Each structure stands twice: as structure tokens, then as C-alpha cells.
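Visitor:
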């Protein structure tokens, strides 16, 4: 997916595990327009990463990539905390559409816009 998104003009930051994802987000959060998280990350799972990112920046836009919708993800969608869900196997047109929708969603609470940077964890 990283190569595909880069070929579509996005800058992609990627991490090997959940701990690295949180650290990367902390360093680059003002550059990141949307985060794509896999629920099955090593060290910290995707849901734990999401909660840490949300604690640091309530306005974080997160798309979960998964083959299974957990109760936490369902609840997050119902509460409007998540920007969307990308089901595996990936349909590339669907991925692009969901990213574009998340990026176009309302500006952050401080009114700043974000760059078209995607973090894939």
C-alpha cells in the first residue's frame, strides 16, 4: 500500500510496530493529514495506538485497516471517533476514496490545515 499511495502523490510515513507508530506520530503530527492503522500491530495493537494518538491530539483522523471489526472499532465508529474503515483485502479505489474523505473532513480545532501526509502503521 505504501508504494501505491506514494505513486498517487502522497508522502507516507511508516512504522514497524505500535510503539514506533506513536513515537512517529508525536514527532510529525502537525504534518499528518490521516493515519492508517492496522488493528494487529506488534508491541501495541492498533486500538491502543489510536487511544494514545487521540490523547495527544483529539483531532487525529484515523482509518483502521482490518479484516475483522472488533467491538472497540464498532464503538469508535458509532461515537464518530474514527474517520473510516478499510476492509482487507484492500480495494485500492476504496482506500483512495476513504483517504480523500478523511482529508476533506472539517479542519482541526485550531483551524490549521494539514499537509497531504499519510502515516501508515
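In this note's numbering, the protein residues as written are 8 to 128.
Backbone N, C-alpha and C fix where the C-beta goes; we use that ideal spot for every residue, glycine too.
Keep in mind that this is a model prediction, so the values were computed, not measured.
Which of the three DSSP states is assigned to residue 33 in this structure?
Guide: Counted from its first residue, the chain shown places residue 33 at position 26. In the structure shown, residue 33 sits in a helix (DSSP, three-state: H, G or I).
Visitor: Can residue 25 and residue 49 be called in contact, C-beta distance under 8 Å?
Guide: Looking up residue 25 in the chain shown gives position 18. Looking up residue 49 in the chain shown gives position 42. Yes, the Cβ-Cβ distance between residue 25 and residue 49 is below 8 Å.
Visitor: Since residue 44 sits in a beta bridge, which residues does DSSP pair it with?
Guide: In the chain shown, the residue the question calls residue 44 occupies position 37. DSSP, once it has assigned bridges, lists 71 as partnering residue 44.
Visitor: With the cut-off set at 8 Å, would you say residue 44 and residue 72 are in Cβ contact?
Guide: By one-based count along the chain shown, residue 44 stands at place 37. By one-based count along the chain shown, residue 72 stands at place 65. Cβ distance < 8 Å, so residue 44 and residue 72 count as in contact.
Visitor: Is residue 91 helix, strand or coil when you go by DSSP?
Guide: In the chain shown, residue 91 corresponds to position 84, counting from 1. Residue 91 falls in the strand class under three-state DSSP.
Visitor: Using CA coordinates, which residue listed in 108, 105 and 28 is at the minimum distance from residue 61?
Guide: Along the chain shown, read from residue 1 onward, the residue named residue 61 stands at position 54. Taking only the C-alpha atoms, the option nearest residue 61 is 28.
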